[in-house]
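Have a look at the structure below, then the notes.
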């Protein structure tokens, strides 16, 4: 973004605070930060600048008048700037694309509100947006997500069968749902697993036989730390493995929580990866087919070696049986 566009974006963001606080009198800066997705101190900085803005002349009565601190904000005179600035065609199209993406994500949002906002935006823009956005979402709701959403709305526990990609086992879980999110095209449910008394995250396409129970949900939200950039909590994992990555395989860092370091004289790159599950890490390294190896801890490196050797022995035995059968 150019310096000119940055300044324009700053001005629009700052001026839109006036109609926001006029529509929500006495709202705290922390509440506004939550609604607007901004940091409280950034909002206070903008309010302090607005306090010095106004009509030409900047005489008494020409300036924006407000009382503001972190506990409340009250706008007494917005000097006519009491309506949000209009969206450009590009901004409106981008917003409509985002709304349509939400419309096509069943069970994650209040779909009626999203559909209503998208319909109003299409009506206002008319043919101007047809060349950019021409889709309307009519995708049927996933019954699993529908049941999960009902459980969250009604405060009920869920029971379901879950297939673990780590152990290749299917187990029955009783879960109090806490949070739903999407990542890389998949939808996940985070909830309190009553079988282990801890929060766990489940991929919804691996859930089956999902049913509501009569038990009240106990999601233990106070114990749950949510992060849009780290939804699986890898950053909170203290156990780390040191690995080496082949130079042509560095792209794998875009798909797993792998932090790359420096390359050695052979070109191989050092890195670290959180050990959320030892079994998962072993299976992941084996799937990399020698392009990523564990340096430490040694016990995990040994397990990978043993698994690889066991696989080779099983393959040799299969070939041996096949040769005897042919003979």
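In our numbering, the protein residues as written are 472 to 798.
Every residue gets a Cβ at the ideal spot worked out from N, C-alpha and C, and that includes glycine.
Quick one: using the 10 Å Cβ neighbour count with 16 as the cut-off for buried, is residue 669 buried or exposed? exposed
Flag this pair as yes or no: are the beta carbons of residue 546 and residue 570 separated by less than 8 Å? no
Using 10 angstroms around the beta-carbon of residue 663, count the other beta-carbons present and answer buried if the total reaches 16, otherwise exposed. buried
Give me the Cβ distance between residue 483 and residue 544, rounded to the nearest whole Å; I'm assuming they're in contact under 8 Å. No, residue 483 and residue 544 are not in contact; Cβ-Cβ is about 19 Å, not under 8 Å.
Could you please give the first and the last residue of the uninterrupted beta strand (DSSP E) stretch that includes residue 516? Not the beta strand (DSSP E): residue 516 falls in the alpha helix (DSSP H), residues 511 to 521.
Here's the rule I'm using: 16 or more other beta-carbon atoms within 10 Å means buried, otherwise exposed. How should residue 679 be labelled? exposed
List the endpoints of the continuous alpha helix (DSSP H) containing residue 669. It is not in any alpha helix (DSSP H) - residue 669 instead sits in the beta strand (DSSP E) that spans 669 to 674.
Helix, strand or coil at residue 730 according to DSSP, with G and I counted as helix: In this structure, residue 730 counts as strand in the three-state DSSP scheme.
Cβ separation of residue 615 and residue 683, assumed to be a contact under 8 Å, to the nearest whole Å: With a Cβ gap of about 12 Å, residue 615 and residue 683 do not count as contacting.
Roughly how many angstroms lie between the CA atoms of residue 605 and residue 565, to the nearest whole one? Because residue 605 sits at a pLDDT of 48, beneath the cut-off of 50, its placement in the model cannot be relied upon, and the following sentence gives the value as read from the coordinates. The straight-line gap from Cα to Cα measures roughly 13 Å.
Following the continuous alpha helix (DSSP H) through residue 758, name the residue where it begins and the one where it ends. 749 to 758
With a threshold of 16 other CB atoms inside 10 Å of the CB of residue 643, please say whether the residue is buried or exposed. Looking at its Cβ environment, which holds fewer than 16 other Cβ atoms inside 10 Å, residue 643 is exposed.
Could you give the first and the last residue of the continuous alpha helix (DSSP H) run that contains residue 621? Unbroken alpha helix (DSSP H) run through residue 621: 614 to 625.
Straight-line CA distance for residue 780 to residue 714? 20 Å
May I ask you to report which of helix, strand or coil DSSP gives residue 647? strand
Out of 703, 503 and 721, which has the shortest C-alpha to C-alpha gap to residue 540? 503
What is the DSSP secondary structure of residue 539, reduced to helix, strand or coil? strand
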